[in-house]
Amino acid sequence: MIKKLHTCKIGEKLSVFQILPSEISSKLLEMGFYCGKEIEILYKAPFGDPLAVQVGDYILSMRKNEAQFIEVETKLN
Amino acid sequence: MKKFALVGNPNTGKTSVFNRLTGLNQHVGNFPGVTVDKKSGQVKLHDETIDLIDFPGTYSIYPHSSDEQIVYDVFSNPQHKDFPDAVLVVVDASNLERNLLLFTQIYDLNIPIILIINMSDIAYRKGIDIDVEGLKAKFPSITICETNARIGVGMTELKTEIFNLKTTEVSRQQIIENYVLAPIDNQESQKEEVKLRFDFIKQLIHDFVKKKKTVEEKETKKLSFWDKISIHPVFGYVIFAVIMLSIFQLIFSIAAFPMELIDGSFADFDSWTGEKLPAGLFTDLLTGGIIPGLGGVLVFLPQILILFFCLGILEETGYLARAVFIMDKLMRPFGLNGKSVVPLISSAACAIPGIMATRTIPNQKERLITILVAPLMSCSARIPVFTLLIALVIPNKTVFRFLNLQGLTLFCMYFLGIVSALIIAWVLKLLIKNKEQSYFLLEIPDFKSPRWANIFISLFEKGKVFVFEAGKVILAISIILWALASFGPGDRIEKAVKNVHFTSENVADSAQLLASVKLENSYIGILGKTIEPVIKPLGFDWKIGISLLTSFAAREVFVGSMATIYSVHQEDNKGLLETMRNEKNSLGKPVYSLATGLSLMVFYVFAMQCMATLAIVKRETKTWKWPIVQLVYMGILAYLSSLIVYNLFS
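Sequences listed follow chains A and B, in order.
Mapping the first sequence onto the working numbering, position 4 (from 1) lands on 4, and the numbers just tick up by one.
Mapping the second sequence onto the working numbering, position 588 (from 1) lands on 588, and the numbers just tick up by one.
Spelled out as structure tokens, the structure:
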């Protein structure tokens, strides 16, 4: 199933489907969100924003604002 | 001299590598034409020396902020003054995939490269095994070094490789011909290129990096106790509040001792100079302008050093990123960033280290807003002014059963500062145009113990920048203020002094009276009288006017100036209070009524009465525009608020 990253739950196994066109799309790509990259939301700040996302070997925090441009595929376990 | 560049992602230990290579042989300058600081240093081996430029941390050669822009500007232009003879690329061994993107981009420029695979210990703990020999065979034209800069492993080998590197004039023409960078404004082709690079990197990782599923690796996947508690909806904020309060206390209380020491020794040195040197203009300049000016610069050092020592620990351990993470949502409505919190809280002790701490805010607009509102937070220099005025006009009684009215007033002044800082930030958010993309992407590093050498080298740098760059401006302004307070038009001061009738036998009293008359007839005194009609609606007379002008040097100077004007001993606050309380205006009413007192306090909440802050804002924004904007908006705010308060209470 394809959805946007900011709607996902903590701990869901996800892989990047595509980056939606926006001002920061190339930035997100450079941070390692290429197609097929396995990611996971590790935790959220109080009030649910920003999010901390495990991207391969590191943790990146981003606002929901940025996460909405990342479309992910949920992997069935 | 050969010029090398140091590049790498943020959080790769690049700073540790730089510090290990250069030690204290560092200085901060400017890249030509831009406002980005250029940190460079010298690497020495035997009698050879190489210049090393530490470029701002970046994830890709394609820029997304003004700091990153300089990397693209330099590397895309072989004619650039700072175009390097060779590049040291630092990568984090535990996160090779993302780190190698920048490496492949630099690699394709055909500049001689040393690839530094850093933090091998963390990689080892995570069960990551890198086949360095394999990588060397894959990239035969470059040098590859493994280091652990935190504890200094591999640095000698790295230094040797740096000096062995052949930089035989790779012809710049050739670099231009092989030029592979995409145009800066073509995001699509940049994205295509980055995608291809990641395909290549994935293959590299597959071939040369093995990841063992160790027990430890499974553990690191889960969040540690400290991870959980630092971002907890309740304890996260409690911990943050406790840490910030402790830092605040440290700046306040511990700094007080060295500050008094600096103040005292400069005062002693000042009077010693005055006694030893023959009386004259030069001695006056020295004792009235230069020595107090130098003291006025150095007195800020304890607060700056303590704040940056604490912040250094928070940053090095990785806590700061988590604090920013939980504070971001709260600061956003005001046009601020999670990273604005620490500078603003620090400003409640002193705006100067606070403003210097805004360096970490990546978005230029959010950083500028933070700088512009930081001086509204009530700093420690306002306390002497507030305590004098509160003692003067607020009765010492209890209200609502347990609140002391004087304490409550002081609290209100602090509260007023905080609230107005947030409101002004919100207004500025609407007013200031943003050229940069606004985004919040912040890496959260693992918790680790701090590397003290990094903290101390950064303290040394901060101190140097403040003393030598902001210090120049502070010294210049204090000399100007001294001249304005010591000279008057023609022989006005001499005439006034001749007409003084010394009523007291006491030598000290006569000297006080003399000082008072001199100040009243100086340029600043005349200016104070000239502005009286302007400040009269606020309830101020010319005596207050003079003190407002002199306290531009620093807010607490207000108290000393008042003492001089009323010719009472400075050390004796009671005497000053008594004199001010008995001061009557032409109608026979007390000058310091409740309305005037409150109006004056509110004026000090808002007015930009601090040349040192202006100097540091100039240094941090690299233009006089913003300190002037700040001076003007805070001045208008102060005037209008005082006007309202005076009319409400009279």
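Where is the CB? At the ideal position from N, CA and C, for every residue including glycine.
No experiment lies behind these values; they were computed from the predicted model shown.
Run through DSSP, which three-state label would residue i get?
| i | result |
| --- | --- |
| residue 55 (chain B) | coil |
| residue 300 (chain B) | coil |
| residue 165 (chain B) | coil |
| residue 6 (chain A) | helix |
| residue 15 (chain A) | strand |
| residue 580 (chain B) | helix |
| residue 6 (chain B) | strand |
| residue 652 (chain B) | The first residue shown for chain B is 1 and the last is 650, placing residue 652 (chain B) beyond what the model contains. |
| residue 360 (chain B) | helix |
| residue 349 (chain B) | coil |
| residue 17 (chain B) | helix |
| residue 117 (chain B) | strand |
| residue 153 (chain B) | strand |
| residue 211 (chain B) | strand |
| residue 533 (chain B) | helix |
| residue 107 (chain B) | helix |
| residue 630 (chain B) | helix |
| residue 219 (chain B) | At residue 219 (chain B), the pLDDT of 49 sits below 50, so the modelled position is not reliable; the number obtained from the coordinates is stated separately. Residue 219 (chain B): helix per DSSP, three-state reduction. |
| residue 50 (chain B) | strand |
| residue 88 (chain B) | strand |
| residue 443 (chain B) | strand |
| residue 590 (chain B) | strand |
| residue 65 (chain A) | helix |
| residue 403 (chain B) | strand |
| residue 370 (chain B) | helix |
Could you say which of the options lies nearest to residue i if we only look at CA atoms?
| i | options | result |
| --- | --- | --- |
| residue 641 (chain B) | B:630, B:166, B:605, B:650 | B:605 |
| residue 464 (chain B) | B:318, B:447, B:162, B:619 | B:619 |
| residue 92 (chain B) | B:9, B:114, B:46 | B:9 |
| residue 455 (chain B) | B:48, B:140, B:309 | B:309 |
| residue 254 (chain B) | B:226, B:306, B:284, B:295 | B:306 |
| residue 511 (chain B) | B:566, B:524, B:479 | B:566 |
| residue 368 (chain B) | B:400, B:335, B:389, B:379 | B:335 |
| residue 517 (chain B) | B:324, B:539, B:494, B:48 | B:494 |
| residue 50 (chain B) | B:594, B:74, B:67, B:85 | B:85 |
| residue 31 (chain B) | B:135, B:71, B:25, B:47 | B:71 |
| residue 467 (chain B) | B:148, B:249, B:163, B:612 | B:612 |
| residue 244 (chain B) | B:287, B:314, B:66 | B:314 |
| residue 211 (chain B) | A:17, A:46, A:57, A:47 | A:57 |
| residue 22 (chain A) | B:59, B:188, B:128 | B:188 |
| residue 388 (chain B) | B:45, B:586, B:58, B:597 | B:597 |
| residue 49 (chain A) | B:385, B:90, B:285, B:329 | B:329 |
| residue 228 (chain B) | A:36, A:46, A:29 | A:46 |
| residue 186 (chain B) | A:1, A:69, A:51, A:25 | A:25 |
| residue 42 (chain A) | A:9, A:3, A:2, A:27 | A:9 |
| residue 2 (chain A) | A:44, A:36, A:28 | A:36 |
Over what stretch of residues does the beta strand (DSSP E) that includes residue i continue unbroken?
| i | result |
| --- | --- |
| residue 72 (chain A) | 70 to 74 |
| residue 84 (chain A) | Missing from the structure shown is residue 84 (chain A); chain A here goes from 1 to 77 and no further. |
| residue 193 (chain B) | Element bounds for residue 193 (chain B): not the beta strand (DSSP E) but the alpha helix (DSSP H), 187 to 208. |
| residue 128 (chain B) | 128 to 130 |
| residue 30 (chain B) | 26 to 30 |
| residue 62 (chain A) | 58 to 62 |
| residue 41 (chain A) | 38 to 44 |
| residue 42 (chain B) | 37 to 45 |
Could you spell out where the alpha helix (DSSP H) holding residue i opens and where it closes?
| i | result |
| --- | --- |
| residue 69 (chain B) | 66 to 75 |
| residue 652 (chain B) | Only positions 1 to 650 of chain B appear in this structure, which leaves residue 652 (chain B) out of reach. |
| residue 20 (chain A) | Careful: residue 20 (chain A) lies outside any alpha helix (DSSP H) and carries neither H nor E. |
| residue 226 (chain B) | 225 to 230 |
Should residue i be counted as a contact of the ligand NAD given a C-beta to heavy atom distance under 8 angstroms?
| i | result |
| --- | --- |
| residue 85 (chain B) | The ligand NAD is absent from the structure shown, which contains no ligand whatsoever. |
Can you list, in chain order, the residues of the segment 41 to 75 of chain A whose Cβ is nearer than 9 angstroms to any Cβ on chain B?
42, 43, 44, 45, 46, 47, 48, 49, 50, 52, 54, 55, 56, 57, 58, 59, 60, 61, 62, 63, 65, 66
Three or more C-beta pairs under 8 angstroms: does that hold for the segment 122 to 131 of chain B against the segment 89 to 103 of chain B?
yes
Just checking, does the segment 49 to 64 of chain B make contact with the segment 5 to 22 of chain B on the three C-beta pairs under 8 angstroms criterion?
yes
Name the residues in the segment 85 to 98 of chain B whose C-beta lies less than 9 angstroms from a C-beta of chain A; which are they?
92, 94, 95, 96, 97, 98
For the segment 439 to 451 of chain B, which residues have a CB atom closer than 7 angstroms to at least one CB atom of chain A, in sequence order?
439, 440, 441, 442, 443, 444
Residues in the segment 523 to 540 of chain B having any Cβ partner in chain A nearer than 7 angstroms:
none
Within the chosen definition, does the segment 521 to 534 of chain B reach the segment 475 to 486 of chain B through at least 3 CB pairs nearer than 8 angstroms?
yes
Closer than 7 angstroms between beta carbons: that is the criterion. Which residues of the segment 224 to 258 of chain B meet it against chain A?
231, 233, 236
To be precise: take each residue of the segment 53 to 79 of chain B, compare its Cβ to all Cβ atoms of chain A, and keep it if any distance is under 8 angstroms. Which residues remain?
59, 60, 62, 64
Listed in chain order, which residues of the segment 181 to 197 of chain B have Cβ atoms closer than 8 angstroms to some Cβ of chain A?
187, 190, 191, 194, 195
Residues of the segment 309 to 326 of chain B with Cβ closer than 7 angstroms to any Cβ of chain A, in chain order:
325, 326
Taking Cβ-Cβ distances below 7 angstroms as the criterion, which residues of the segment 327 to 339 of chain B are in contact with chain A?
328, 329
For the segment 540 to 560 of chain B against the segment 349 to 365 of chain B, do three or more pairs of beta-carbon atoms, one drawn from each stretch, fall closer than 8 angstroms, so that the two count as touching?
no
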